[in-house]
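S.K.: Protein chains in written order, with this note's numbering: chain A, 8 to 422; chain B, 145 to 446.
1) Below 9 Å on C-beta distance, what does residue 424 of chain B contact in chain C?
2) What separation, rounded to the nearest whole angstrom, lies between the Cα atoms of residue 428 of chain B and residue 110 of chain A?
3) Taking only three categories from DSSP, how would you classify residue 398 of chain B?
4) Determine, for residue 223 of chain A, whether the minimum Cβ-Cβ distance to residues of chain B falls below 7 Å.
5) Nearest to residue 77 of chain A by alpha carbon, out of A/289, A/224, A/251?
6) Let me know the secondary structure DSSP gives residue 57 of chain A once reduced to three states.
7) For residue 303 of chain B, is the beta carbon positioned less than 6 Å from some heavy atom of the ligand MN?
8) Over the uninterrupted beta strand (DSSP E) stretch that includes residue 345 of chain B, give me the two end residues.
9) With C-beta atoms as the reference, is residue 132 of chain A less than 7 Å away from residue 288 of chain B?
10) Near residue 402 of chain B, what residues of its chain come up, given a Cβ to Cβ distance below 6 Å and the 5 sequence neighbours on each side ignored?
11) Going along the chain, which residues of its own chain have a beta-carbon closer than 7 Å to the beta-carbon of residue 228 of chain B, five neighbours each way excluded?
12) Which residues, in order along the stretch 300 to 315 of chain B, keep a beta-carbon less than 7 Å from a beta-carbon of chain A?
13) According to DSSP, simplified to helix, strand and coil, what is residue 440 of chain B?
14) Could you tell me if residue 381 of chain B is buried or exposed, where buried requires 16 or more neighbouring beta carbons within 10 angstroms of its beta carbon?
15) Is any beta-carbon of chain A found at less than 7 Å from that of residue 167 of chain B?
16) Nearest to residue 381 of chain A by CA position, among A/51, A/247, A/69, is which residue?
17) Is any beta-carbon of chain B found at less than 7 Å from that of residue 140 of chain A?
18) So who's on the other strand from residue 351 of chain A, going by DSSP bridges?
19) For the stretch 265 to 291 of chain B, enumerate the residues whose C-beta is nearer than 7 Å to any C-beta of chain A, in chain order.
20) Counting only beta-carbon separations shorter than 7 Å, does residue 297 of chain B have a partner in chain A?
21) Under 8 Å between beta-carbons, which chain B residues line up against residue 3 of chain A? List them in chain order, please.
22) Kindly say whether residue 377 of chain B, judged by its beta-carbon, lies nearer than 7 Å to any beta-carbon of chain A.
23) Measuring CB atoms only, is the stretch 180 to 200 of chain B touching the stretch 237 to 256 of chain B, in the sense that at least three cross pairs come out at less than 8 Å?
24) Measuring alpha carbon to alpha carbon, tell me which residue in B/324, B/214, B/374 is nearest residue 398 of chain B.
25) So residue 74 of chain A and residue 229 of chain A are in contact, right, with Cβ under 8 Å, and what is the actual spacing, rounded?
26) Please state if the CB of residue 328 of chain B and the CB of residue 232 of chain B are separated by a distance shorter than 7 Å.
27) Applying the criterion that 16 or more other CB atoms from any shown protein chain within 10 Å of the CB defines a buried residue, is residue 61 of chain A buried or exposed?
28) Comparing C-alpha positions only, which one of A/45, A/314, A/181, A/231 sits nearest to residue 295 of chain A?
29) Please compile the residues from chain A whose C-beta is within a distance smaller than 7 Å of the C-beta of residue 405 of chain B.
30) Does residue 372 of chain B have its Cβ less than 7 Å from a Cβ in chain A?
31) Which residues mark the beginning and the end of the beta strand (DSSP E) in which residue 382 of chain B is found?
32) Please state whether DSSP places residue 202 of chain B in a helix, a strand or coil.
33) Tell me which residue opens and which closes the beta strand (DSSP E) that residue 287 of chain B is part of.
34) Is any beta-carbon of chain A found at less than 7 Å from that of residue 359 of chain B?
35) Would residue 71 of chain A be called buried (16 or more neighbouring beta carbons within 10 Å of its own) or exposed?
36) Which partner residues does residue 15 of chain A have in the DSSP bridge list?
Shown next, in the form of structure tokens:
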């Protein structure tokens, strides 16, 4: 076997650049509107009303957030469950994305629900009939699993380097011992969490699709179908790798690293079949329910559906089939970005565009405040990602074969 | 609608849904605490009798400690020019429509929660705060509610309202069928104040009989349809009218209980936790085999 050895290191780079300053301003702008939401209520900041109870925050921050964090469980399945060690270099960045993604999903739910201080209620008040309950519980458990999966990266960073300031330095030895103990325990049990993570993901990715089924005829027939859970799962699986490629190429561009094309191309070659399966079910469902009649009408729903399928699935599917695209960073990036935007659009369509309440007098469009908060959260996520990869061993530098092959990859599955 | 009604799609959806999960929608279990008593109560609203005095709006606010104002102020009929919806300040409203068959009088229509027999809100609520009570009321426990507003997205009649203007303790608000009053043997506030007896309170089974009887004896006055008898699996509040219910802005929702498809999928995925546990075992097996194969490959090389 002649795969690249994995050598994740904290990336040395200047943190503050003009782009980072811009992100900080965007994040602060979001925080201002967030304060408005907490001091004056949801009505003061959002365009939500009794007809449109869910808007941009549920559609993008929560639904799209969960879908775009799917890279975590798809790469874990590939790298660890199927034991393809050549992909281990991308498992950590994907894990970090998923961990931060789910954290912001939780924050998104927190700011959207009216009585945020009761967010813990579903833990003790159960309703097994509710798709939302299932999503909530699974997301909570999966987030915990993601943090556990990230722990070895934390211990690796600090083992042998514990250096607490001042009087606390007396505890250095003890902390180091605890970290080593934790590390050893985790390396033996990690496979339990990795498999649990994949199972939990398939469960809540699909249940997220069950959410809007109960809205029945309030949802446009182009999207309202009993196979929604399956479509949500298939689209989440097919957006996992494109999201990893998308981020990896942005990160290597921003941090002036050589893109890891040897891994990304191979990863890219697996996307076309996944997208193909998703497309087949989506089109098949459309023909079985004969909903294509709605594409003949010219309105927001038909236009959005066409954009979603054409630019989000069909065009990138064709692109990923071409070897030229797989070898070229800009083309690979374009194709991946199309899939990412396509799934983002699909979630917005399902939760916002397709939802057509019976007594609405005006249609919903997110307010400036709602958009600010969503964009602000995205900026915060990017900043957190940048901070963590500069301080923790997440990204592997290609070519440097200094470390043990898989010693500090997620443990438990390596020999 | 391109020649196809949404109801057709729903019907088809229900069939596909049942097929997908291998469950029949009719075997769907009721939500927790969803008691469907034979003796449950209901109200029959005769829209051909209602005169639109809006006394019920006042009585409802008065009974629910909402600012109600003077009863005289409700005589102003100007407000009926616009269509209104119940919200957190007014749990029931009257809307006025043009006259129906064999009459020159406008149709006045009282709107409030329908108190479904298979309520979408009860099924959807993340914490199970909603419940269908033995007497037919669909009520909710305010202390449990986290304000996620899934009940509003789920309700086929778009009834639950939310206090968007409150920063702390915003509540979901809707008609509770005067649960506290009926418990003490009193009539619901709106039924009790109605001066023309447009609202009949009684056992739902009897109300259906009364409704059928009225339609039979006055076939020139009513259309042959009791709205709520079968809609979304039946509702506690039912309506008689002199014109098609679609013209009165009732949604076209079919006869299947609103939570049916969603619940059968939910229970299909989680049937005694068999599917998730099998998936876990399957993945564990794959993991073990792939690891073993890799080890053998490496041993073979040495």
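Heads up, the beta-carbon is just placed ideally off N, CA and C, and yes, glycines get one too.
M.R.: Reading from the atomic positions:
1) The structure shown contains no chain C; the protein chains it does contain are A and B.
2) Between residue 428 of chain B and residue 110 of chain A, the C-alpha separation is close to 27 Å.
3) Looking at residue 398 of chain B - three-state DSSP - the assignment turns out to be coil, as it is neither helix nor strand.
4) True, the Cβ-Cβ gap to chain B drops below 7 Å.
5) Residue 77 of chain A has its Cα closest to that of A/251, out of A/289, A/224, A/251.
6) Coil, per DSSP.
7) This structure lacks the ligand MN; in fact it carries no ligand of any kind.
8) Here the beta strand (DSSP E) through residue 345 of chain B covers 343 to 347.
9) Contact flag set, yes.
10) Within the same chain, residue 402 of chain B has close Cβ partners 264, 300, 376.
11) Only 237, 239 meet the Cβ criterion.
12) Contact residues of the stretch 300 to 315 of chain B toward chain A are 300, 302, 305, 306, 308, 309, 310, 311, 313, 314 (C-beta to C-beta distance below 7 Å).
13) Helix at residue 440 of chain B.
14) With 16 or more Cβ atoms within 10 Å of its Cβ, residue 381 of chain B is classed as buried.
15) A caution first: residue 167 of chain B carries a pLDDT of 41, below 50, which makes its placement in the model too unreliable to give a value.
16) When only C-alpha atoms are compared, the closest one is A/69.
17) Closer than 7 Å to some Cβ of chain B, the Cβ of residue 140 of chain A qualifies, so yes.
18) DSSP output for residue 351 of chain A lists no bridge partner at all.
19) For the stretch 265 to 291 of chain B, the beta-carbon criterion of a distance under 7 Å to any beta-carbon of chain A is satisfied by 267, 268, 269, 270, 271, 272, 288, 289, 290, 291.
20) Chain A contact via Cβ: present.
21) No answer is possible for residue 3 of chain A: it lies beyond the span of chain A, which begins at 8 and ends at 422.
22) The beta carbon of residue 377 of chain B sits no closer than 7 Å to any beta carbon of chain A.
23) With the cut-off at 8 Å, the stretch 180 to 200 of chain B and the stretch 237 to 256 of chain B touch.
24) Of the listed residues, the one whose Cα sits closest to residue 398 of chain B is B/374.
25) Incorrect: roughly 19 Å between the Cβ atoms, too far for contact.
26) Cβ distance not < 7 Å, so residue 232 of chain B and residue 328 of chain B don't count as in contact.
27) Buried.
28) Closest in C-alpha terms to residue 295 of chain A, from the list A/45, A/314, A/181, A/231, comes A/231.
29) The contacting residues are 220, 233.
30) No, its Cβ sits nowhere closer than 7 Å to a Cβ of chain A.
31) Its beta strand (DSSP E) spans residues 381 to 384.
32) Three-state DSSP puts residue 202 of chain B in a helix.
33) For residue 287 of chain B, no beta strand (DSSP E) encloses it, and the DSSP letter there is neither H nor E.
34) No, residue 359 of chain B does not count as interfacial toward chain A.
35) Flag for residue 71 of chain A reads buried.
36) Residue 15 of chain A pairs with A/403.
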